[in-house]
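Before any comments, here is the structure.
Numbering (mature numbering (1 follows the signal peptide of the UniProt record, and there is no 0)), first residue to last: -22 to -1, 1 to 672.
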């Protein structure tokens, strides 16, 4: 048996963020990495498979964005990151930090280092804290149990590593007196024994809408220990606080359309309007490398978060006073979440007869509690359409919040993955998960207690075939179950509704040039969800179990490095999503398109180094038209935006630059928070920045 020395383990750990590309049955670990900001990072374990295999070996469409790309593009939020990927579209709204659709479905699952994490506070932080962001297209139930049909986004925190890491200092100043900063560093603390990483970010962000001011503050830390030659301990801590003053809930629709001249007016201009929250995530992972063929890992995870809203959210023309708006939905509410769990996995590589094989088995148990407090959005007042006065929250005569419900969810699961190499070029990946979910609803205002158990099995299977070293064909079949986070907002009469059943067929090709100067992915899919239940648009407290929704589509992404100074990238997605049988509010919506699902999305990017110091960049973003409602009576037009950037390295390690977002100052609406109003996207903004690496 081969013995792992402390030094070899340290090297393995320092590069653990990179994928290990090893031929089946080969004990030699070959790790690849790149400092190219345009390079595609390796997929993290837990994003699409927990086996130690490469992205090319997974028969699913996946995408990944590296930290260097996030820094180069200057992305400030998760929405800005993921909307550049094929088929993803969405927005950030006060009600949902990241409302994103994919493959005809919304919402998506958000994971933190492979753990399905509730709440949205952590999603509002600076993406400078992520080493990479991975996307799995389609249901992720084989990995996570209950999981949305459209896809999963895995947020990978910055790792502690023994490799040398520079001190990072980033600062940016932009329109509306906005500024943001990030400082981070890491590296060896004790040779071959301990390494650490620390990142801190803060921002004060304004908006084209008056009175809006967002102030997030975040700190993340990672510690890596290798106490023996075969043992690795990692600890990750993430603490986030956020306070938004006078968040923008939309511009009222007059005569059926939002008035663009009012897009700068904030009707949530109460003197004490805010959203605030704080969240803590902690993970501790112990890995034991018994041999090059056997390893055991245990991950303990914990999350606790609180998010509060105190705003007036809905506005529409007054029925009694010309030139006035009625404001109602004076919401005073809070969500309190807590999650504790533990996952253990055993992984082995060897052979079954003459076939090389990798296998993983594990178990996962968790407990989540959710407490909801609300004032039922009571309260109302009237303000002038133009120059509305600033008043206190009490002007709406709304009551204060009180306890509404407390929900406990206990989950347990057994899972299995196996990759069997049938030949040197053909392999079969199988994934199986059995999940048991115990729900306990305590409806405090009604005095009702309801409990229910769900048992289900999810399956994923598919071959991958290497036509050449650089071209891989794949196909897969996957099943899943999904209530989404809607489970925690069901009324007593809806708890008997079944889980939705998801199945997906997918096929595609992954290819690159021999010199790796270009790469592409092409995927086609057929996705179906049965027993669908969605919130009734006319009666927000009612949910319906409906027949079937389907989605079919094609997704393409690629990048090309034709010369050393030039990099081109792009993607295109076509989505055909329909309700097959669906009644809502008494209407038959069969054949209609689900709301907020564009048929076409596309992105193009180019970066060019005029000299070794001077670089230019451009990004074109297109989102096709979509509907604001499931009845398809209200259509949002398509839009295209253009972003430009320039950077200059004045001395090694110090880069100055500027960015302009939405160069043409395109006016467009993202979506709606309420049927009475529309959310206008930001217009043209400017930013100057400095990135320092020492």
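All C-beta atoms in this analysis are idealised placements derived from N, C-alpha and C, irrespective of residue type, glycine included.
Using a 10 angstroms sphere on the CB of residue 669, the tally of other CB atoms reaches 16 or more, which defines it as buried.
Excluding residues up to 5 positions away in sequence, 416 lie with their Cβ nearer than 6 Å to the Cβ of residue 431 in the same chain.
Less than 8 Å separates the beta-carbon of residue 327 from that of residue 271. Around the Cβ of residue 640, a 10 Å sphere holds 16 or more other Cβ atoms; the residue is buried. For the beta strand (DSSP E) assignment, the uninterrupted runs of no fewer than 3 residues enclosed by the segment 35 to 99 are, from N- to C-terminal side, 40 to 44, 67 to 69, 77 to 79, 87 to 90. DSSP places residue 145 outside both helix and strand once states are collapsed to three, so it counts as coil. Around the beta carbon of residue 277, 16 or more other beta carbons lie within 10 angstroms, which makes this residue buried. In the DSSP assignment, residue 307 falls within the beta strand (DSSP E) that extends over 302 to 330. Contact between residue 623 and residue 52 holds: CB atoms are separated by about 7 Å, below the 8 Å threshold. Membership of residue 120 in the alpha helix (DSSP H) is indicated by the continuous run 119 to 122.
For residue 427, the number of other beta carbons within 10 angstroms of its own is below 16, and it is reported as exposed.
Taking the C-beta atoms as reference points, residue 308 is found nearer than 8 Å to residue 374.
Secondary structure at residue 561: strand, using DSSP grouped into helix, strand and coil. For residue 321, same chain residues with a beta-carbon under 6 Å away, outside a window of 5 residues either side, are 277, 342 in chain order. In this chain, the beta strand (DSSP E) harbouring residue 449 covers 449 to 460. Excluding its 5 nearest sequence neighbours in each direction, residue 286 has C-beta neighbours in its own chain below 6 Å: 254, 312, listed in chain order. Judged by pairs of C-beta atoms under 8 Å, the segment 134 to 152 does not touch the segment 114 to 125, as fewer than three such pairs exist. The distance from the Cβ of residue 391 to that of residue 346 is about 14 Å, inconsistent with a contact at the 8 Å cut-off.
DSSP places residue 110 in the uninterrupted beta strand (DSSP E) bounded by 108 to 115.
In the three-state DSSP reduction, residue 542 falls in the coil class, being neither helix nor strand. For residue 191, the closest of 225, 581, 382 by C-alpha to C-alpha distance is 225. In this structure, residue 216 lies near residue 259, with their beta-carbon atoms less than 8 Å apart. For the pair residue 448 and residue 489, the CB atoms are nearer than the 8 Å cut-off.
A direct Cα-to-Cα measurement between residue 475 and residue 511 gives close to 8 Å. Runs of the beta strand (DSSP E) lying entirely within the segment 475 to 505 and spanning at least 3 residues, in chain order: 478 to 490. Closest in C-alpha terms to residue 250, from the list 94, 227, 289, comes 289. For the pair residue 393 and residue 413, the Cα-to-Cα distance works out to about 9 Å. Taking the Cα of residue 505 as reference, the smallest distance to any Cα among 465, 540, 456, 65 is reached at 456.
Contact annotation: the segment 157 to 176 does not touch the segment 95 to 102, with fewer than three C-beta pairs closer than 8 Å. Assigned with DSSP and collapsed to three states, residue 220 falls in strand.
Here the segment 202 to 210 makes no contact with the segment 89 to 98; the two share fewer than three CB pairs at distances below 8 Å.
The straight-line gap separating the alpha-carbon atoms of residue 499 and residue 555 is approximately 22 Å. Taking C-beta atoms as the reference points, residue 34 and residue 401 fail to come closer than 8 Å.
The Cβ neighbour count for residue 387, taken over all protein chains shown within 10 Å, is at least 16; the residue is labelled buried.
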